[in-house]
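Below is one structure, written out as structure tokens; comments come after it.
Number of protein chains: 4
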Amino acid sequence: MKKEVKKVVLAYSGGLDTSVILKWLQDEYNCEVVTFTADIGQGEEVEPARAKAISLGIKPENIYIEDLREEFVRDYVFPMFRANAIYEGEYLLGTSIARPLIAKRQAEIARITGADAVSHGATGKGNDQVRFEMGYLGQNSALTIIAPWREWDLNSREKLLAYAAEHGIKIEMSGKKSPYSMDANLLHISYEGGILEDPAAEPEESMWRWTVSPQNAPDEPEYIEIGYEKGDPVSLNGKALSPAVMLEQLNIIAGRHGIGRADIVENRFVGMKSRGCYETPGGTIMIKAHRAIESLTLDREEAHLKDELMPRYAKLIYNGFWFAPEREMLQAAIDKTQQNVRGTVRLKLYKGNVMVVGRSSDLSLFNPEYCTFEEDSVYDQKDAGGFIKLNALRFIIAGKARKNK
Amino acid sequence: MKKEVKKVVLAYSGGLDTSVILKWLQDEYNCEVVTFTADIGQGEEVEPARAKAISLGIKPENIYIEDLREEFVRDYVFPMFRANAIYEGEYLLGTSIARPLIAKRQAEIARITGADAVSHGATGKGNDQVRFEMGYLGQNSALTIIAPWREWDLNSREKLLAYAAEHGIKIEMSGKKSPYSMDANLLHISYEGGILEDPAAEPEESMWRWTVSPQNAPDEPEYIEIGYEKGDPVSLNGKALSPAVMLEQLNIIAGRHGIGRADIVENRFVGMKSRGCYETPGGTIMIKAHRAIESLTLDREEAHLKDELMPRYAKLIYNGFWFAPEREMLQAAIDKTQQNVRGTVRLKLYKGNVMVVGRSSDLSLFNPEYCTFEEDSVYDQKDAGGFIKLNALRFIIAGKARKNK
Amino acid sequence: MKKEVKKVVLAYSGGLDTSVILKWLQDEYNCEVVTFTADIGQGEEVEPARAKAISLGIKPENIYIEDLREEFVRDYVFPMFRANAIYEGEYLLGTSIARPLIAKRQAEIARITGADAVSHGATGKGNDQVRFEMGYLGQNSALTIIAPWREWDLNSREKLLAYAAEHGIKIEMSGKKSPYSMDANLLHISYEGGILEDPAAEPEESMWRWTVSPQNAPDEPEYIEIGYEKGDPVSLNGKALSPAVMLEQLNIIAGRHGIGRADIVENRFVGMKSRGCYETPGGTIMIKAHRAIESLTLDREEAHLKDELMPRYAKLIYNGFWFAPEREMLQAAIDKTQQNVRGTVRLKLYKGNVMVVGRSSDLSLFNPEYCTFEEDSVYDQKDAGGFIKLNALRFIIAGKARKNK
Amino acid sequence: MKKEVKKVVLAYSGGLDTSVILKWLQDEYNCEVVTFTADIGQGEEVEPARAKAISLGIKPENIYIEDLREEFVRDYVFPMFRANAIYEGEYLLGTSIARPLIAKRQAEIARITGADAVSHGATGKGNDQVRFEMGYLGQNSALTIIAPWREWDLNSREKLLAYAAEHGIKIEMSGKKSPYSMDANLLHISYEGGILEDPAAEPEESMWRWTVSPQNAPDEPEYIEIGYEKGDPVSLNGKALSPAVMLEQLNIIAGRHGIGRADIVENRFVGMKSRGCYETPGGTIMIKAHRAIESLTLDREEAHLKDELMPRYAKLIYNGFWFAPEREMLQAAIDKTQQNVRGTVRLKLYKGNVMVVGRSSDLSLFNPEYCTFEEDSVYDQKDAGGFIKLNALRFIIAGKARKNK
């Protein structure tokens with residue numbers, strides 16, 4: 001028994017899957033469809049989605065195509081990198097961080113257009129359905145959510161193609177279909193399925209799209225310098241760049257040096273393990289550089305507390321809880337630490353390696369005078385004796401109290 | 001006013017610093033000195049320390065020279081790697097993990113020889129003094145600790161050399177003195193001081209001793225396979241190896257591929273920041289490989305809890321709390337998770353990169369059937385609807401309750 | 001479309017709800033029913049459930065009635081109290097901790113009797129359904145679970161009574177029906193519903209069953225002494241008691257002094273807030289006494305780490321994850337700390353108050369010599385200067401480095 | 001070898017200890033002394049300190065006497081209570097939270113008066129020396145700190161009295177000297193020493209000063225209502241009160257009902273265990289009431305994250321790290337959660353008991369409709385099936401994967 005729906009906003013890419021969904025929504029729910037196509041740097045033109053939507057009967061005023069790249073990097077990617085967020089030690093959360101933005105904007109468009117429902121093309125076994133739907137409900141809990149992959153029985157590519165053919169949906173077969181399920185945005189591109197379903201198998205070189213192989217990268221290293229303000233990268237080699245342009249540039253540079261590939265088995269929120277390969281070229285530079293500028297400018301205990309909270313923060317983003325109050329609570333703590341995270345990091349890029357080779361800051365807390373074994377102005381070596389003694393006092397007391405027990 | 005001491009066990013390397021200390025202890029404390037020299041894989045012969053000690057007047061029965069390499073890797077390095085321990089996101093704790101073992105053995109030798117004091121050559125501004133002394137006091141709180149660097153005024157190399165000359169201590173001047181302060185064991189070699197005191201400066205290539213530069217590494221990648229049992233590496237390319245031999249082999253292999261360099265600014269326990277460079281070739285492979293075998297065999301929440309506890313565990317080791325009950329408490333939790341961490345990881349090594357290219361386990365929790373968007377035997381996609389709904393319920397309720405507030 | 005089921009093990013109390021479920025299972029699933037009734041100290045006779053089951057057509061060999069009180073306290077309640085577990089600052093987890101045991105035993109009986117399904121009487125909005133079903137699936141993932149409250153439409157007391165009347169289920173109407181939904185076991189009794197649905201309303205005195213009101217408690221305080229071994233209470237006023245008898249005795253004593261009432265609004269795992277009142281008389285004494293014996297015998301950092309992990313541990317139990325590996329991982333850490341938690345605690349009970357008035361232990365780490373401001377044998381007051389100085393060093397350095405910034 | 005000091009600001013109470021210190025500073029350091037006496041609600045007149053100081057030769061312009069009660073409660077006590085901070089499960093941090101304020105103001109007066117040193121009367125084995133000195137150094141790292149108790153040899157009351165007599169310091173011997181070492185401020189009064197050095201001994205009733213015994217409290221309960229805004233108490237029984245007046249009032253009310261006594265063994269930062277008794281009457285009401293208003297208005301995961309961070313936050317305050325960036329980082333997270341913590345809590349006070357008997361809020365997230373087992377507008381009971389299934393999926397998969405292993 002389907003819920004009554006008058007108007008639905010669909011996250012629409014213009015590709016096979018979401019075109020089939022578009023048609024299916026019209027047929028099954030007999031409702032008006034609003035399409036929303038966002039440019040978040042996935043590397044494909046978004047304008048073609050307009051003609052596609054019109055050809056499927058969408059009214060021009062119901063077609064929303066927007067460039068969200070700057071917002072994406074400024075308000076989602078950068079805050080996340082302030083936390084040095086990595087999921088399960090390896091994954092830079094490229095897909096996870098993009099979903100909340102799309103969901104939020106989709107809910108806003110629902111409000112603007114008076115729609116009572118939203119829909120997405122994420123499948124029923126993945127994390128993305130959760131991320132989309134948590135995003136919708138976090139914005140407007142009254143929205144009806146339609147997740148076609150959990151409702152219909154078109155559970156294979158063949159059935160989708162048959163449905164498309166049957167309903168007059170034109171699909172460009174541009175060359176061979178990739179054997180992988182992919183997702184891309186300005187932060188990363190991901191691969192799942194195909195040969196990756198065997199975790200013992202190495203993916204073929206041809207799978208990777210954004211980076212050359214380290215073996216095919218230049219024989220000469222390249223040096224770059226990133227400038228930071230309040231924990232965010234603001235300049236590259238001395239030139240101020242907007243957030244999205246910064247990430248675009250880093251992607252290009254890192255990509256040509258074979259930087260940013262990851263091949264992992266991860267734990268999905270919905271309960272199973274899955275194999276994924278990721279290219280996050282610019283992000284891989286950013287996480288290394290951010291830690292380096294923090295190493296000069298963060299207080300030790302701030303840094304350690306950040307490290308302890310990070311896995312939980314990363315998990316919240318992975319699981320789709322970007323708009324949850326506990327994520328905002330952690331963000332408040334993280335952002336508090338970034339006020340003095342300012343300066344410049346120099347990096348050497350070479351065949352897959354990102355090497356920090358220099359960092360400097362006018363707010364640096366490093367002073368070589370204090371490290372050498374010679375005398376200095378603030379540190380009296382005799383103090384170390386008392387420091388150690390009192391740190392060890394509980395062991396000394398326990399040793400005495402329980403000597404013969 | 002010095003404490004009265006009858007017999008002291010000195011951690012003795014045979015080099016300039018500890019030879020001066022030996023003499024100084026005899027002179028200042030007018031006490032018998034027992035020397036303890038351990039082979040923990042620092043890559044220097046330990047037997048020469050015997051003749052050196054004898055030449056300084058140590059009685060043969062007071063000279064202890066021991067090979068602790070297997071104990072070091074089996075009981076210290078491996079347990080630590082079960083935790084995926086990394087300090088401040090970068091440092092694999094190579095120096096930190098060796099000090100407790102030396103301290104423990106030194107305290108045991110004090111008991112055996114009836115000594116009432118122990119002494120070490122760590123300076124008054126570093127972490128090692130803490131690690132040594134926490135180790136001593138954790139074993140025997142009644143020991144008197146002599147830390148010459150905090151007592152004497154020989155606070156420069158020149159003064160040490162003068163003291164040596166004056167007291168007839170022979171120093172082999174084997175070539176040029178390194179500008180760096182170094183520490184080595186089977187897990188790593190570290191560099192501090194010299195040009196590294198400028199965090200904006202890249203160290204010269206000649207500093208590094210255990211690894212070639214990625215640029216000078218072979219143009220051909222090498223594949224290796226590591227077998228795991230209960231979270232520890234037990235075989236390399238199908239051949240069973242003891243812990244120390246495993247790490248030695250991995251050091252050689254990784255070293256020739258330019259793997260395992262780190263260049264960081266870190267926060268010392270005693271309060272200041274310091275710049276350090278580290279080579280941890282085998283360890284860098286081990287941490288990557290261990291995470292890979294865990295990715296197949298650990299339960300998700302076990303893995304996440306381990307990740308959250310890890311920074312604290314690493315900090316305990318860094319700060320010298322290996323023998324503290326809170327470290328043992330965390331170890332109990334970590335070890336509990338490793339019972340099923342078994343299987344094989346395949347790695348590709350190439351010019352500084354360690355790439356996981358395959359993992360397999362008879363205890364694997366990965367099953368491709370559950371990941372694909374098709375139907376399977378355990379997962380009903382409709383369940384995801386309820387799952388998301390109840391996860392979002394608190395947002396839905398808050399949205400309704402506070403709509404107009 | 002119902003799943004085919006041959007034989008189902010039902011958690012059966014003999015009351016209205018589970019008797020209706022019994023009948024409903026027979027009718028709807030047309031399957032053999034095995035009843036399982038456990039005595040976990042709920043304070044009602046369990047034997048009458050046998051005649052009741054027989055009257056509903058259950059074969060004698062399909063009726064399981066067991067006394068699980070000792071196992072409950074020894075293997076569930078005591079381990080939980082080692083952690084000082086409290087949910088949301090107030091709730092001692094009385095209901096939460098009993099469900100896993102019942103679920104585990106139910107799954108075992110399913111194996112013994114060759115049943116392919118299990119069923120329980122928990123409703124579809126509460127936490128207990130989760131706790132039961134997580135327990136079943138943690139034991140045997142192949143079991144079919146039947147949760148009648150989520151399937152049928154008998155969603156009111158009236159409908160249940162009508163169903164009972166219609167199907168010849170005899171219900172003893174012993175006096176007036178309580179307006180509260182209750183659950184009891186040796187650890188506690190809980191109340192929900194009725195007037196409690198208004199969080200601004202105070203429950204009437206007549207609701208409480210196990211404790212007198214503090215106002216009606218004796219005017220004279222009572223002193224008791226509890227002996228501990230490895231973190232568990234083993235003797236009361238010098239007399240050794242088994243776990244269940246210990247808790248029974250403490251319930252009686254605490255109950256007469258008005259100890260152990262709680263009135264809270266809590267957050268359910270399934271997403272909403274609910275109001276609950278609880279009586280946990282013996283448990284309220286135990287949590288106070290356990291902390292007191294720990295205060296003498298635990299190392300400081302062990303104690304603090306336990307405190308930091310506790311809320312997560314409590315949440316796992318509340319949410320039904322008793323058999324999850326992450327709970328076992330935390331338990332391993334907690335149990336590791338309890339080896340030396342031994343001694344005696346003296347308590348004063350008076351009109352709702354539990355006051356610790358004495359603690360002693362042969363393993364005590366307390367020594368008054370170290371606390372007074374006078375000299376002692378282990379602590380040199382001058383050490384405090386160095387201790388403070390190095391703890392403050394990062395502030396001193398930051399102050400200097402950023403003075404004019 | 002003493003440091004040269006020109007002018008020192010002394011935390012001065014006017015009592016024996018600090019009067020002796022005042023004289024000793026003049027004699028030993030031959031420096032000008034500025035006295036600072038703060039009213040933080042310790043319950044003693046502060047003005048008499050003026051005449052006392054003058055009699056000891058302090059210039060009138062060097063005498064600072066200030067009423068800090070409102071600042072103390074508003075900027076220190078209330079922020080701490082937002083966190084529900086309790087140290088080691090029992091201690092409400094009454095002494096710990098007052099020291100940073102005094103230290104901060106003392107450092108400010110040093111700046112104003114051009115003093116180069118500060119001094120306090122805390123002993124060398126306690127926590128307070130750390131709290132004072134961390135506070136000084138966090139404000140101005142250039143200050144010289146003089147801690148007489150760690151320098152002189154007046155380590156007994158007899159020697160102090162002799163010194164006073166010898167130097168013409170008049171001491172009023174008002175009745176018998178208390179056998180306890182005490183500290184008081186608006187939040188609490190503490191007792192150490194004397195009979196308390198035996199942790200098995202119950203303190204005599206006469207020790208307690210701010211509360212009657214529960215046994216002597218009125219036989220009739222008293223009901224009060226506290227209003228909250230942004231997590232802070234702002235009104236009592238409908239009447240708006242300033243922070244300090246609020247706490248004063250609560251102290252009086254709670255004190256007459258025997259509320260707020262604690263008797264514990266705690267772990268000091270400097271390494272030993274110590275016994276302390278505390279009266280925190282108003283604070284004991286506040287912590288209970290704050291949790292109650294949070295129970296209605298906080299999101300579940302916010303609340304749980306707060307609970308997990310609390311022990312660390314409490315430890316920071318206990319250890320003297322109020323001005324540390326990691327405390328500020330945690331405060332930012334905590335304060336973020338308090339925006340909607342608004343409403344009214346009704347409490348019943350009776351012979352030592354604080355019972356929450358009602359809470360209400362226009363921002364309440366509680367809705368009885370969602371809790372009952374009947375149908376409601378947001379919760380579909382069938383969703384629970386999917387929710388449980390996916391939460392248990394990892395157990396199901398593990399069960400299948402490892403069935404025969």
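Listed in order, the protein sequences are those of chains U, X, W and V. Take the first sequence: its letters are residues 1 to 405, numbered as in UniProt numbering. Take the second sequence: its letters are residues 1 to 405, numbered as in UniProt numbering. Take the third sequence: its letters are residues 1 to 405, numbered as in UniProt numbering. Take the fourth sequence: its letters are residues 1 to 405, numbered as in UniProt numbering. Virtual Cβ for every residue (Gly too), placed ideally from N, Cα, C. Predicted model only: the values in this text are computed from it and were never measured.
Taking Cβ positions only, does G386(W) come closer than 8 angstroms to chain U?
yes
Just to confirm, are T18(X) and L10(X) a CB contact at a threshold of 8 angstroms?
yes
Cβ-based burial, D299(U) [other Cβ within 10 Å; buried from 16]
buried
Note down, in chain order, every chain U residue with its Cβ under 8 angstroms from the Cβ of A398(W).
Those within 8 angstroms of A398(W) in chain U are D299, L365.
Short Cβ contact (8 angstroms threshold) for T37(W) with Y12(W):
yes
When DSSP builds the beta bridges, which residues end up paired with G343(U)?
Per the DSSP secondary-structure output, G343(U) pairs in a beta bridge with Y228(U).
Quick check on this structure: which residue in L186(W), S274(W), I285(W) has the alpha carbon closest to the alpha carbon of E248(W)?
L186(W)
I'd like to know whether the C-beta of A401(X) is nearer than 8 angstroms to at least one C-beta of chain V.
yes
Let me know the secondary structure DSSP gives residue 425(U) once reduced to three states.
The requested residue 425(U) is not part of the displayed model; chain U covers only 1 to 405.
Below 8 angstroms between beta carbons: does that hold for F78(V) and D307(V)?
no
For chain U, check one thing: does any of its Cβ atoms lie closer than 8 angstroms to the Cβ of L187(W)?
no
Give me whichever residues DSSP pairs with C277(U) in a beta bridge.
Y191(U), D263(U)
Output yes or no for whether 8 angstroms exceeds the beta carbon distance between R111(V) and N140(V).
Yes, the Cβ-Cβ distance between R111(V) and N140(V) is below 8 angstroms.
Along the stretch 280-314 of chain U, where does the CB come closer than 7 angstroms to a CB of chain X? Name the residues.
R291, S295, L296, R300, A303, H304, D307, E308, P311, R312
Please classify P100(W) as buried or exposed, where buried requires at least 16 neighbouring CB atoms within 10 angstroms.
When all chains shown are included, P100(W) counts as buried.
Beta carbon of T297(U) nearer than 8 angstroms to that of V341(U):
T297(U) places its beta carbon less than 8 angstroms from that of V341(U).
With a cut-off of 8 angstroms, do at least 3 Cβ pairs link the stretch 330-339 of chain U to the stretch 327-338 of chain V?
yes
How big is the Cα-Cα spacing for L92(W) and T337(W)?
One C-alpha to the other measures close to 21 angstroms.
What residues from chain W crowd round K405(U), counting only those whose CB sits closer than 9 angstroms?
N340, D362, L363
What residue does the beta strand (DSSP E) around D183(U) start on, and which one ends it?
181-184
Given G258(U), which residues of its chain have a CB within under 6 angstroms of its CB, disregarding the five upstream and five downstream residues?
Its chain contains T211, V212, S213, P214, A217, K351, G352 as the residues whose beta carbon lies nearer than 6 angstroms to that of G258(U), once the 5 sequence neighbours on both sides are disregarded; these appear in chain order.
Nearest-angstrom beta carbon gap, T284(V) and A314(V) [assumed within contact, 8 angstroms]
At roughly 15 angstroms, the Cβ-Cβ gap does not stay under 8 angstroms, so A314(V) and T284(V) are not in contact.
Answer yes or no: does any C-beta atom of chain W fall closer than 8 angstroms to that of K336(X)?
yes
Is there a C-beta anywhere in chain W that falls below 8 angstroms from the one on K382(U)?
yes
Take I264(U) as the anchor and find which of N251(U), L250(U), E279(U), I252(U) has the nearest alpha-carbon.
E279(U)
Just the Cα atoms here: how many angstroms apart are residue 430(U) and G124(U)?
This structure gives no information on residue 430(U), because the portion of chain U shown stretches from 1 to 405.
Who are the near neighbours of D39(W) in its chain, counting only those whose CB is closer than 8 angstroms to its CB and skipping five residues on each side?
V46, I65, E66, D67, L68, R69
For R359(V), return the contacting residues in chain W, with the cut-off set at a CB-CB distance below 8 angstroms.
P199, A200, V265
Just checking my contact of residue 411(V) with V5(V) at CB under 8 angstroms: how many whole Å lie between their CB atoms?
Nothing can be reported for residue 411(V), as the shown portion of chain V is limited to 1 through 405.
Answer yes or no: does any C-beta atom of chain U fall closer than 8 angstroms to that of V270(X)?
For V270(X), the answer is yes, since a Cβ of chain U falls inside 8 angstroms of its Cβ.
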